[in-house]
Structures are given as C-alpha cells and as structure tokens.
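In the UniProt record's numbering, the protein residues as written are 1 to 140.
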Amino acid sequence: MAAAIASSLIRQKRQAREREKSNACKCVSSPSKGKGNCEKNKLNVFSRVKLFGSKKRRRRRPEPQLKGIVTKLYSRQGYHLQLQADGTIDGTKEEESSYTLFNLIPVGLRVVAIQGVQTKLYLAMNSDGYLYTSVSTFYI
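And the structure:
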C-alpha cells in the first residue's frame, strides 16, 4: 500500500511539472489588452541582462514541494508503531500518542522514506530485518 501511495505522489509531482512547462510555452495575446504573455516574457528575458553584457544573478524558482503522507502504522496484533524521542522503536496501544505519526515520503518507484513526525528521525531496516533509526536518509 505504501508503494502505491508513493507512486501516486510521484505521478502527481510529474504532472505538476508538465503543467508548469505547458503553461510557460503558451503565448496568448489580446488586442484589447496591452501586452500579451509572449511580449511580457521577452521583456522579462531582456530585463535579466544588465548593460555591457553582464548577467544578473538568476533567482531559482522554488520547485513545488511535495509533502509526504502523515499516517500511523498499525499491526494486526493491535499495536501502533512508535518512534520515541531517544530513537527507541516499540509498539503502543495508545492511539493519541504523537510519537505514532509518521511521514511516508516518496523517494522513487516503490521506495518510501519513513520519518517520525515528532522526532524527525528516519525509520530504517537492515538486511537482517532489524529496525533502527537514522538522523538522515541516503535517498532524499
């Protein structure tokens, strides 16, 4: 299920990028209005160049950030997974604990990073199947 969620988030991000590209390529001008989008874009390009050919510093447009899904991880035995402030991972029956909330962050196709909302630590699993916490992840 987490892989499906991650795939859909990646797809949404790709569609948002495609929409931005298609909106940037459209040039529509109206005779009743002064300058059309194409003329404004041309002026914008020329306004970025200073006299004598030196360029202004380009401001990087912030890419729309895609947030992870906040969820609780629940077992069939009736426990919520909990990532405590000291990095301990355990289960609890308490439903209202703030340490049971996790961010599922899409990293790639069928790959998600799991981050504790309260602790900002990442949940990881080694090759033997043991869970541990990490301050950072290699994928993000």
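Yeah, the Cβ is synthetic: ideal placement off N, Cα and C, and Gly gets one too.
Remember, it's a predicted structure, so these values are computed and weren't measured experimentally.
In the DSSP assignment, A124 is bridged to Y132. Rounded to whole angstroms, K13 and L131 show a C-alpha spacing of 30 Å.
Taking C-beta atoms as the reference points, I5 and I69 count as a pair closer than 9 Å. A distance below 6 Å between beta-carbons, with the five flanking residues on each side excluded, links S134 to the following residues of its chain, in chain order: Y122 and A124. Collapsing the DSSP output to three states places T71 in a strand.
With a cutoff of 9 Å on beta-carbon distance, A113 and N103 are scored as near each other.
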